[in-house]
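This report concerns only the one structure given below.
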Amino acid sequence: MPELSDVGNEFIRGEIEQFVARPDEIERMITLFSRASPALQDVAAALIDGDDEAVDTLTRAQLEAGVTALEIMDDGLIAGMALVGIKFRENFIFVPEVLACARAMKAGMAHIEPILSASGIDPVGKVVMGTVKGDLHDIGKNLVIMMLRGSGFEVVDLGVDVSPDDFIAAIEDHKPSVVGMSALLTTTMPNMGKTIDAFVDEGLRDRVKVMLGGAPVTQEFAEDMGADGYGKDAMAAVSLAKGLLGVGA
Amino acid sequence: MTTATMTSRERVLAALRREPVDRTPLVNPTSLATVELMDLVDAPFPNANREPELMARLAATGHTELGFDSIMPVFSIIQESSAIGCKIQWEQKDNWPTVKMTEPIYESPSDIDISDDWMEEPDAQCVLEAIRILRRQFPDVAIIGKTMGPWSLGYHTFGVERFLLLSLDDEAATRDVLDKLKRITIEFGIAQAEAGADAVTLPDHATGDLVSGEYYRRYLQELHQEFAEEIPIPIILHICGRTVDRMGYIADTGMAAFHYDSKNGAEESMEAVGGKISLVGNVNNPTTLYSRGAEDVKDEVRRNLEAGVQMVGPECAIPLQTPIESLRAIREAVVEYHGLN
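Put into structure tokens, the structure is as follows:
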């Protein structure tokens, strides 16, 4: 089993030591980063640091050096975001810092995505995502979409203020396996339940798995509303989506 | 069961000063509007957010129908943002009006240009006139206004993502934004005091779901101290989410009360503020009030009363479909606890 000293990048070693406490996660982080080349560890470190210009430069350099887009995404960008997700979950960092990391990830993905799209790799699954009716907040939803796409899902983004009818139309048009709904306001959370009820009324409920998320949403509330699952943050949402589809988390 | 010795207004004002009360007041720093109450008094959204008579009539149901000791007519958080030019989605009866934050009006601090007469705009005047109406009609009930803090106004005018990234990338520019927007907070607060409000809620969403307690201290604590000095009536600060990590800073602002969320326990919150500020809250909205029954509501109210929380009420603006029986259970729990009507 690899040791922390097998992670060559000093910044990442320090981050693991300082911010990762659970033994299983320490092991996962060490495994993840120790398998990455020094250059891809640099990509991950720049992402964790929220440095979008460095991620842009380093990603381009790796592609030019012949490293595959998939390898850069998995061992650089996604690995970096995995550590960011732990720091966020444990309240070491908050949304502004996560937004900066997401900005850095986007800078890298701007080079990676066109290559992956052209390669014709089958997606892990298809997800329709939207913020529910009456709610115009989209930071959380956008982070989840970014992580889902980075994890191999095809995502249809319906945007914000999405009515039950619009969700239903998207299910019929895009035939997703999973529908994700987000809400930031306690006043709009009940619209998640209304939307699920509308799926039932239209005879669509059994065709999709429904996952809910958003700052005020809880597991208990998701169960009360009749959802299949709740994701506390973007990383949890990816694990949930994989779990709902029965693919490896 | 004995009879109360204080009026609702006296009770709320005493609780805001952390002075003795005959029973714990029921206070709503944020909206109690529901579709059921709109139907009851024929004052539906969106008009009840834009016409002062309807706004006052719907707000009054919090006292007349639900037995609260306060009346708070500003249901939404968009009145002053509308007045300064933000695009608003006014919605219908069953949804809240919302600022279209995806179409922000400012990109940089230099864009901020607020006219001297912004409060003459109808959506600001509506609030002031509704407060005057309520003051005349309910001399013995606490009338609570609302003035948005500069952090929330930053979300509305710049968009949440851009504003939060600015706060990380450029501290000086962020301070410039807050300094320019605070004028709205102060001017609207003073105007509502002059219109007859007994207190104002000041939502400033530096929530634990978005930013750290250290962020609150760095960017907002001094500004909030300034508001407590400039606005001549008690201020009830409202911040959603988990906030125990910043309650100590909040308690040192000189504001009268903090409206706290159900993500924070009553006892730990009382401990965190150390008797330096009153607490009001924190019955859970989406699970307890909206989808559970009266007994669950009463349990949450009792937890607050047993912890010594000075004022009880919902944690935030309630969902518009909240059953009226759940809301009435808040008063029933208080009356049962104190043995006082």
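From first to last, the protein sequence lines are chains A and B.
Each residue of the first sequence is one higher than the one before, counting from 885 in my numbering.
Each residue of the second sequence is one higher than the one before, counting from 14 in my numbering.
Here a beta-carbon is modelled for each residue, glycine too, at the ideal position from N, C-alpha and C.
Under 8 angstroms, do residue i and residue j count as touching if we go by C-beta distance?
{"i": "residue 1029 of chain A", "j": "residue 1041 of chain A", "result": "yes"}
{"i": "residue 29 of chain B", "j": "residue 270 of chain B", "result": "yes"}
{"i": "residue 302 of chain B", "j": "residue 310 of chain B", "result": "yes"}
{"i": "residue 1034 of chain A", "j": "residue 961 of chain A", "result": "yes"}
{"i": "residue 257 of chain B", "j": "residue 294 of chain B", "result": "no"}
{"i": "residue 324 of chain B", "j": "residue 40 of chain B", "result": "yes"}
{"i": "residue 964 of chain A", "j": "residue 927 of chain A", "result": "yes"}
{"i": "residue 147 of chain B", "j": "residue 204 of chain B", "result": "no"}
{"i": "residue 981 of chain A", "j": "residue 934 of chain A", "result": "yes"}
{"i": "residue 297 of chain B", "j": "residue 331 of chain B", "result": "no"}
{"i": "residue 173 of chain B", "j": "residue 82 of chain B", "result": "no"}
Any Cβ of chain B within less than 8 angstroms of the Cβ of residue i?
{"i": "residue 1058 of chain A", "result": "no"}
{"i": "residue 1027 of chain A", "result": "no"}
{"i": "residue 1017 of chain A", "result": "yes"}
{"i": "residue 1090 of chain A", "result": "no"}
{"i": "residue 1023 of chain A", "result": "yes"}
{"i": "residue 1104 of chain A", "result": "yes"}
{"i": "residue 1073 of chain A", "result": "yes"}
{"i": "residue 1100 of chain A", "result": "yes"}
Leaving out the 5 sequence neighbours to the left and right, which residues in its chain are closer than 6 angstroms to residue i when beta-carbon positions are compared?
{"i": "residue 1014 of chain A", "result": "1042 and 1046"}
{"i": "residue 70 of chain B", "result": "54 and 56"}
{"i": "residue 19 of chain B", "result": "35"}
{"i": "residue 1114 of chain A", "result": "1096, 1103 and 1106"}
{"i": "residue 1051 of chain A", "result": "1079"}
{"i": "residue 1089 of chain A", "result": "1083"}
{"i": "residue 992 of chain A", "result": "939, 943 and 961"}
{"i": "residue 1134 of chain A", "result": "Here chain A comprises residues numbered 885 to 1133, so residue 1134 of chain A is not present and cannot be evaluated."}
Could you have a look at residue i and say whether DSSP puts it in helix, strand or coil?
{"i": "residue 327 of chain B", "result": "strand"}
{"i": "residue 1038 of chain A", "result": "strand"}
{"i": "residue 895 of chain A", "result": "helix"}
{"i": "residue 25 of chain B", "result": "helix"}
{"i": "residue 291 of chain B", "result": "strand"}
{"i": "residue 957 of chain A", "result": "helix"}
{"i": "residue 240 of chain B", "result": "helix"}
{"i": "residue 76 of chain B", "result": "helix"}
{"i": "residue 81 of chain B", "result": "coil"}
{"i": "residue 44 of chain B", "result": "coil"}
{"i": "residue 193 of chain B", "result": "helix"}
{"i": "residue 1088 of chain A", "result": "coil"}
{"i": "residue 232 of chain B", "result": "helix"}
{"i": "residue 334 of chain B", "result": "coil"}
{"i": "residue 1065 of chain A", "result": "strand"}
{"i": "residue 209 of chain B", "result": "coil"}
{"i": "residue 945 of chain A", "result": "helix"}
{"i": "residue 385 of chain B", "result": "Here chain B covers residues 14 to 354 and nothing more, so residue 385 of chain B does not appear."}
Considering only residues of the same chain and omitting the five flanking positions on each side of residue i, which have a CB-CB separation below 7 angstroms?
{"i": "residue 976 of chain A", "result": "903"}
{"i": "residue 969 of chain A", "result": "1117, 1118 and 1119"}
{"i": "residue 48 of chain B", "result": "106, 107, 333 and 334"}
{"i": "residue 169 of chain B", "result": "94, 99, 112 and 114"}
{"i": "residue 1039 of chain A", "result": "1011, 1013, 1029, 1032 and 1033"}
{"i": "residue 899 of chain A", "result": "932 and 967"}
{"i": "residue 350 of chain B", "result": "315 and 318"}
{"i": "residue 236 of chain B", "result": "163, 191 and 195"}
Taking the beta strand (DSSP E) that residue i falls in, what are its first and last residues?
{"i": "residue 223 of chain B", "result": "No beta strand (DSSP E) contains residue 223 of chain B, which DSSP labels as neither H nor E."}
{"i": "residue 1094 of chain A", "result": "1093-1097"}
{"i": "residue 1014 of chain A", "result": "1010-1015"}
{"i": "residue 159 of chain B", "result": "155-159"}
{"i": "residue 271 of chain B", "result": "270-273"}
{"i": "residue 144 of chain B", "result": "That residue, residue 144 of chain B, is in no beta strand (DSSP E); its alpha helix (DSSP H) goes 135-150."}
Sorted by chain position, which residues of the same chain lie with C-beta nearer than 8 angstroms to residue i's C-beta, five sequence neighbours on each side aside?
{"i": "residue 165 of chain B", "result": "90, 216, 217 and 218"}
{"i": "residue 287 of chain B", "result": "261 and 264"}
{"i": "residue 186 of chain B", "result": "121, 122 and 179"}
{"i": "residue 345 of chain B", "result": "307 and 311"}
Considering just the uninterrupted stretch of the alpha helix (DSSP H) at residue i, what are its terminal residues?
{"i": "residue 990 of chain A", "result": "979-1003"}
{"i": "residue 972 of chain A", "result": "963-973"}
{"i": "residue 282 of chain B", "result": "279-286"}
{"i": "residue 918 of chain A", "result": "907-918"}
{"i": "residue 177 of chain B", "result": "173-182"}
Could you tell me whether any Cβ in chain A is nearer than 8 angstroms to the Cβ of residue i?
{"i": "residue 299 of chain B", "result": "yes"}
{"i": "residue 113 of chain B", "result": "yes"}
{"i": "residue 223 of chain B", "result": "yes"}
{"i": "residue 303 of chain B", "result": "yes"}
{"i": "residue 254 of chain B", "result": "yes"}
{"i": "residue 164 of chain B", "result": "no"}
{"i": "residue 308 of chain B", "result": "no"}
{"i": "residue 329 of chain B", "result": "yes"}
Any heavy atom of the ligand PLP closer than 7 angstroms to the CB of residue i?
{"i": "residue 225 of chain B", "result": "Absence of the ligand PLP is noted for the structure shown, with no ligands found whatsoever."}
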